[in-house]
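Participant: Numbering (UniProt numbering), first residue to last: 1 to 371.
We treat Cβ as the ideally placed atom computed from N, Cα and C, and that holds for glycine.
1. Quick one, which of 52, 84, 63 and 230 has its alpha-carbon nearest residue 333's?
2. Give a single yes or no on whether residue 81 has its beta carbon closer than 7 Å to a heavy atom of the ligand ATP.
3. What three-state label does DSSP hand residue 107 in the structure shown?
4. Work out the CA separation of residue 335 and residue 342 for me, nearest whole Å.
5. Which same chain residues, not among the five before or five after residue 20, have their C-beta less than 8 Å away from its C-beta?
6. Residue 99 bridges to which residues according to DSSP?
7. By alpha-carbon positions, which one of 195, 143, 23 and 28 ends up nearest to residue 282?
8. Given that a residue counts as buried once 16 or more other Cβ atoms are within 10 Å of its Cβ, and exposed if not, what is residue 368?
9. DSSP puts residue 114 in a beta bridge; with which residues?
10. Which residue spans inside the segment 228 to 306 form an unbroken alpha helix (DSSP H) run of at least 4?
11. Under a three-way DSSP split, which group does residue 341 fall into?
12. Considering only C-alpha positions, which residue in the set 180, 253, 93 and 34 is nearest to residue 133?
13. Which value, in whole angstroms, describes the spacing of the CA atoms of residue 160 and residue 154?
14. Within its chain, find whatever has a CB closer than 7 Å to the CB of residue 350; leave out the 5 residues flanking it on each side and keep chain order.
15. By Cβ distance below 7 Å, which residues in the same chain neighbour residue 348 in space, the five residues on each side in sequence not counted?
16. Report back the beta-carbon spacing between residue 274 and residue 42 to the nearest angstrom; my notes put them in contact at under 8 Å.
17. For residue 277, which option in 329, 261 and 122 has the closest C-alpha, if you only look at C-alpha atoms?
18. Are the CB atoms of residue 150 and residue 80 nearer to each other than 8 Å?
19. Skipping 5 residues on each side, what residues in its chain have a beta carbon closer than 8 Å to that of residue 183?
20. Between residue 345 and the rest of its own chain, which residues show a CB-CB distance below 8 Å, the 5 nearest in sequence each way excluded?
21. Quick one: give me the first and last residue of the alpha helix (DSSP H) that residue 336 is part of.
22. DSSP three-state label for residue 329, please.
23. Report the three-state DSSP secondary structure of residue 322 (helix, strand or coil).
24. Classify residue 245: buried if its beta carbon has 16 or more other beta carbons within 10 angstroms, exposed otherwise.
25. Around the Cβ of residue 284, are there at least 16 other Cβ atoms within 10 angstroms (buried) or fewer (exposed)?
26. Measuring alpha carbon to alpha carbon, tell me which residue in 325, 257 and 77 is nearest residue 400.
27. Please list, in chain order, all residues of the same chain as residue 44 whose beta carbon is under 8 Å from its beta carbon, the five residues on each side excluded.
28. Can you tell me where the alpha helix (DSSP H) holding residue 171 begins and where it ends?
29. Roughly how far, in whole angstroms, is the beta-carbon of residue 191 from the beta-carbon of residue 323, given that I think they are within contact range, below 8 Å?
30. Is it right to say residue 48 is buried, meaning 16 or more other beta carbons lie within 10 angstroms of its own, or is it exposed?
31. How many whole angstroms separate the CB atoms of residue 31 and residue 354, which I take to be in contact at a CB cut-off of 8 Å?
32. Below 8 Å on the Cβ atoms is my contact criterion, and I expect residue 83 with residue 129 to pass it. Report the Cβ-Cβ distance as a whole number of Å.
33. Could you give the DSSP three-state label for residue 356: helix, strand or coil?
34. In the DSSP assignment, find the unbroken alpha helix (DSSP H) run with residue 54 in it and report its ends.
35. Should residue 77 and residue 305 be called a contact, given that it needs their Cβ atoms to be closer than 8 Å?
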């Protein structure tokens with residue numbers, strides 16, 4: 001009887017650490033992972049080990065999710081400045097001592113190769129959410145200017161690597177926090193005008209490969225067997241899926257190796273060819289549920305920091321989906337952004353797992369505050 005009582009007491013003490021998952025979020029993520037494994041089995045049929053590797057990545061993602069879900073928002077607030085500072089420091093180290101791969105200086109060797117820009121996808125909204133929390137009720141124009149500087153530093157360092165895709169994601173993450181903190185619509189309109197006015201300058205500052213991506217977007221048929229080949233084949237794969245798709249394992253574009261990066265950035269093309277418009281709508285519905293649940297958590301969060309952080313993370317998922325599907329379908333330049341929870345890759349899944357875990361932590365501690 002004593003041992004049974006001890007086991008029950010131990011379970012009571014440990015139970016809060018295991019009952020941290022937000023049920024709706026967990027179900028949505030599980031369905032997306034199931035879709036990922038189905039798609040990767042087909043897309044990676046000529047790449048042995050892809051499904052097994054993704055399953056390992058999923059386990060790591062869930063561990064990261066569980067750890068983040070157990071970290072209270074108050075602790076996240078205390079970690080915001082150190083994490084941001086370390087992230088910027090690592091970006092500076094990349095700029096000075098980074099490893100060059102495929103013409104880009106994005107990695108730092110510290111026993112293993114790491115990509116510090118990935119840290120900023122979480123560190124940036126953390127930092128800005130903390131900054132506006134400190135100024136709750138007294139936000140002025142100067143506050144937004146300081147926030148813009150805090151955002152511009154890592155975005156500029158990432159763009160120097162160069163890494164347009166990650167810099168856009170970090171920029172979007174920061175801008176969502178600034179917008180949710182109360183930036184006026186007049187200011188937003190001014191930023192839009194300034195953006196279009198700066199395009200000629202931005203074009204002159206672009207690297208040659210970035211300009212080629214834009215010109216290829218405008219007319220991929222200009223070089224159909226060269227720079228435009230991949231995007232044309234991706235568009236063909238999506239269009240050939242029709243309404244119901246060709247069926248699982250019957251996607252000719254992917255299996256004949258016409259679609260580039262079929263298991264990573266362009267997995268959506270494989271999915272669309274095999275499951276058609278019906279599958280695309282179902283996938284978009286899952287992403288809408290994910291984003292909607294995140295925004296619901298943000299709306300009911302306990303304080304300004306949690307609301308800004310949860311709102312920004314939710315919209316980051318939207319940005320991932322929009323940019324990936326846009327580039328794969330030929331309406332945006334190719335910038336190397338994975339499709340959340342579907343694309344193969346360990347680093348991206350680790351980041352996404354931490355983001356989901358943070359949302360679960362905010363949801364859980366809202367309930368604790370209410371009770």
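Facilitator: Checking against the coordinates, here is how it stands:
1. As a first step, residue 333 is located in the chain shown; it is residue number 333 there, counting from the start. Across the set 52, 84, 63 and 230, the C-alpha of 230 shows the shortest separation from the C-alpha of residue 333.
2. Inclusion of the ligand ATP in the displayed structure is not the case, the ligand content being empty and no account of it being possible.
3. As a working mapping, residue 107 is identified with position 107 in the chain shown. Of the three classes helix, strand and coil, the one that applies to residue 107 here is strand, per DSSP.
4. The residue labelled residue 342 in the question sits at position 342 within the chain shown. The residue labelled residue 335 in the question sits at position 335 within the chain shown. Residue 342 and residue 335 have their C-alpha atoms spaced approximately 17 Å apart.
5. Residue mapping note: residue 20 aligns to position 20 of the chain shown, counting from 1. These residues qualify, in order along the chain: 66, 69, 70, 360, 361 and 364.
6. Stepping through the chain shown from its first residue, residue 99 is reached at position 99. Per DSSP, 107.
7. Against the chain shown, residue 282 aligns to sequence position 282. Selected option, being the one with the closest Cα: 28.
8. By 1-based counting over the chain shown, the position of residue 368 is 368. Residue placement at residue 368 cannot be trusted, given a pLDDT of 49 that sits under 50; what the coordinates show is reported in the next sentence. Answer is exposed; the Cβ neighbour count stays below 16.
9. Along the chain shown, one-based indexing puts residue 114 at 114. As DSSP reads the structure, residue 114 sits in a beta bridge with 108.
10. With a minimum length of 4 residues, the continuous alpha helix (DSSP H) runs that stay inside the segment 228 to 306 are 229 to 240, 252 to 255 and 267 to 299.
11. If you number the chain shown from 1, residue 341 lands on position 341. The three-state secondary structure of residue 341, taken from DSSP, is coil.
12. To locate residue 133, count along the chain shown from 1; it is residue 133. Check the Cα spacing between residue 133 and each of 180, 253, 93 and 34: the tightest is with 180.
13. Counting from 1 along the chain shown, the entry for residue 160 is found at position 160. Counting from 1 along the chain shown, the entry for residue 154 is found at position 154. Straight-line Cα distance between these residues: approximately 10 Å.
14. One-based indexing of the chain shown puts residue 350 at position 350. 60, 61 and 64, listed in sequence order.
15. As a working mapping, residue 348 is identified with position 348 in the chain shown. In the same chain as residue 348, and ignoring 5 residues on each side of it, the C-beta atoms closer than 7 Å to its own belong to 338, in chain order.
16. Your numbering for residue 274 matches position 274 in the chain shown. Your numbering for residue 42 matches position 42 in the chain shown. Indeed they touch by this definition, with Cβ atoms about 6 Å apart.
17. Here residue 277 corresponds to residue number 277 of the chain shown, with the count starting at 1. Of the candidates 329, 261 and 122, the one whose C-alpha sits nearest the C-alpha of residue 277 is 329.
18. If you number the chain shown from 1, residue 150 lands on position 150. If you number the chain shown from 1, residue 80 lands on position 80. Not in contact: residue 150 and residue 80 (Cβ atoms no closer than 8 Å).
19. Translated into positions along the chain shown, residue 183 becomes position 183. Taking C-beta separations shorter than 8 Å and ignoring five residues to either side along the sequence, the partners of residue 183 in its chain run 144, following chain order.
20. Position 345 of the chain shown holds residue 345. Hits under 8 Å: 57, 264 and 338.
21. In the chain shown, the residue the question calls residue 336 occupies position 336. That residue, residue 336, is in no alpha helix (DSSP H); it is neither H nor E in DSSP.
22. Here the question's residue 329 lines up with position 329 in the chain shown. Residue 329 sits in coil when the DSSP states are folded into three classes, being neither helix nor strand.
23. For the purposes of this step, residue 322 is identified with residue 322 of the chain shown, where counting begins at 1. Here residue 322 sits in helix by DSSP.
24. Sequence index remark: in the chain shown, residue 245 carries index 245 (1-based). Buried is the call here.
25. Within the chain shown, the letter at position 284 stands for residue 284. Within 10 angstroms of the beta-carbon of residue 284 lie fewer than 16 other beta-carbons, which makes it exposed.
26. Here the chain has residues from 1 to 371 only, and residue 400 is not among them.
27. Here residue 44 refers to the residue found at position 44 of the chain shown. Around residue 44: 50, 51, 262, 263 and 344.
28. As a first step, residue 171 must be located in the chain shown, where it is residue number 171. Note, residue 171: alpha helix (DSSP H), 164 to 180.
29. In the chain shown, counting from the first residue as 1, residue 191 sits at position 191. In the chain shown, counting from the first residue as 1, residue 323 sits at position 323. Not a contact, Cβ separation roughly 19 Å.
30. For the purposes of this step, residue 48 is taken as residue 48 along the chain shown, with counting starting at 1. By the neighbour-count rule (16 or more Cβ atoms within 10 Å), residue 48 is not buried but exposed.
31. Translated into positions along the chain shown, residue 31 becomes position 31. Translated into positions along the chain shown, residue 354 becomes position 354. About 20 Å; that fails the 8 Å criterion.
32. Looking up residue 83 in the chain shown gives position 83. Looking up residue 129 in the chain shown gives position 129. Residue 83 to residue 129, Cβ: 12 Å. No contact.
33. If you number the chain shown from 1, residue 356 lands on position 356. Helix, per DSSP.
34. For the purposes of this step, residue 54 is identified with residue 54 of the chain shown, where counting begins at 1. For residue 54, the uninterrupted alpha helix (DSSP H) segment begins and ends at 50 to 69.
35. On the chain shown, position 77 is the one that residue 77 refers to. On the chain shown, position 305 is the one that residue 305 refers to. Cβ distance < 8 Å, so residue 77 and residue 305 count as in contact.
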